[in-house]
Every structure is written in C-alpha cells, then in structure tokens.
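The opening position of the sequence shown corresponds to residue 838 in this note's numbering, with each subsequent residue numbered one higher. Worksheet: one structure, shown below.
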Amino acid sequence: DINGLPLGDIVVEDGRVRLGALVRHHQLEESDAIARRCPVLGEAARLIGNVRVRTLGTVGGSLAHADPAAELPAVMTALDARLAMAGPSGRRTLAARDFFTGLLTTALAPDEILTDVEIGALPAHGWAVEEISRRAGDFAIVAVVALVSLDGRGRVDDARLAFGGVADRPVQARAAEDALRSREPSTDALARAAQIARDALDPPSDAFVSGAYRRHVAGVLCRRALTRAVERARR
C-alpha cells in the first residue's frame, strides 16, 4: 500500500503541471489549477467510472493499469506527458507514447513504481474529449482526445489527437495532426483530418462491437472532438 507516500499533490509551476501518482480522479475535476492550465484533464476525469471510482481511483493507478479503453492514457498521450518512475536503480522518465507498450502492459519494471506525471506548458488551446460506451461510466468503446491551438490568423498552430479503445494501447493520429497544421480549421478541413485519422486505424472486434463499427465511430467522434476543440480555441 503506497497511500502513505507524499505523491498526492497537484503542482503548477512555470506553466507546467505536475501530478503525483496518488492524485485522485475527483481532484482533476475539482482543481482550479487544472481548470486554468489543463482543462482537458478535468473533462476526461468526469467521464471516468462513477463517483466512487473517481473518489478512490488515482492517476497513477489508471496509467500503470494501462487499459487501452481508459481515458487518462489517451489524454496523457495527446498531452505528450512525461511519466516519472522510481525503483532501486534510481529514477527515470518516459514520454507517455513510450510508456504504454501493449494490452495492460507498460514500461514499468517489476521493482518500479510510477511517481508523478509532468505536462509541459501548453499554448492557449481548445480541447475536447469524446467517447462512446455501452453505459455511462463504462470503459469507452472508442474515445478521442483533441487539442487545438490557433495562430494570430486563425489557422491551426498545433493539433494533437489521440484515440483510446481502438488498439492495445493509446494511438496518436500523427498524420491527421500534420494535415491540420497551418490550415484554416474549416468544416471540410476538420472532416478531412478525421477521415485521415479513421483510415489509419485497424481496431479489433470483441464481444460487444465489430472492428468496423469502432473504426466508423472513431471517425465520427474525431470530427466532433476537433469541432469542439476549435470552437474553444477561438474564444
């Protein structure tokens, strides 16, 4: 039991956000610092499980468990977060995209624990998390995280897209991100980026839905997430 360790703080410094591994999901919902600096975390946290899960569950627990349908792994991938680990050999950090290595599998060694997560300073940006699940609070069948920032001309300065539920780990849609950068975020451009992201996916089928259904829904949700993110970026 690591609950006695001092890993439960949210620290904002020089625009960067550091989350201790024992930060509870409900803290992401309720933190004013998160709402100001990284609101996508609060939006994602509200989709996790139910009140009891959000009260007891931790950021580190969700990331170390590495369920590909969970919200936080996809969010951390989109944010390009860095995850810090500690063990007998010392400390090390990995980018989120390198931390998740397969189904319920991470780069954590057997004698390591996840200690904290650091999110770099983000420019003014819009954000959105879209997902579909069989019931409210269930793990997502498909989840999409979108982050978009605009330059002074209203064109896309940066775009980040990550999917959950479509593979054995979070998937970053790099080709779709590249297709948006330096472009006017018109309805057609967002739809095209969503199509590029969708076409790059090869989701599995399971007892609930087919891979083809997941792929179709991923495109729909991606377009919705990008649209909402752009609307927020324009405010």
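Heads up, the beta-carbon is just placed ideally off N, CA and C, and yes, glycines get one too.
Collapsed DSSP secondary structure at residue i in the structure displayed
i	result
L1027	helix
I969	strand
D1015	helix
A903	coil
G886	coil
G963	strand
A953	Checking the sequence shown, residue 953 turns out to be Asp, not Ala. D953 falls in the strand class under three-state DSSP.
L940	coil
A1037	coil
Cβ-based neighbour list, residue i, same chain, cut-off 6 Å, excluding 5 preceding and 5 following
i	result
M913	A933
S1047	none
R1061	E967
Range of the contiguous beta strand (DSSP E) that encloses residue i
i	result
E850	847 to 850
G924	919 to 924
Buried or exposed (CB count within 10 angstroms, at least 16 for buried), residue i
i	result
A1034	buried
S899	buried
P1040	buried
Residue range of the unbroken alpha helix (DSSP H) whose run includes residue i
i	result
V979	No alpha helix (DSSP H) holds V979; the beta strand (DSSP E) holding it covers 979 to 987.
V1054	1048 to 1070
A999	Run containing A999: none in the alpha helix (DSSP H); it sits in the beta strand (DSSP E), 993 to 1001.
Cβ shell of residue i (< 8 Å), same chain only, five flanking positions each side left out
i	result
D820	Because the chain is modelled from 838 through 1072, residue 820 falls outside the range shown and cannot be assessed.
A999	A911, V912, T914, A915, V981, V982, P1007, V1008, Q1009, A1010
7 Å CB neighbourhood of residue i in its chain, flanking five on each side removed
i	result
H902	L941
G939	D1005, R1006
A1066	G963, W964, A965, A983, L984, V985
R1029	A1016
Rounded distance between the beta-carbons of residue j and residue i, thought under 8 Å
i	j	result
V979	G963	With a Cβ gap of about 21 Å, V979 and G963 do not count as contacting.
A1044	P905	At roughly 16 Å, the Cβ-Cβ gap does not stay under 8 Å, so A1044 and P905 are not in contact.
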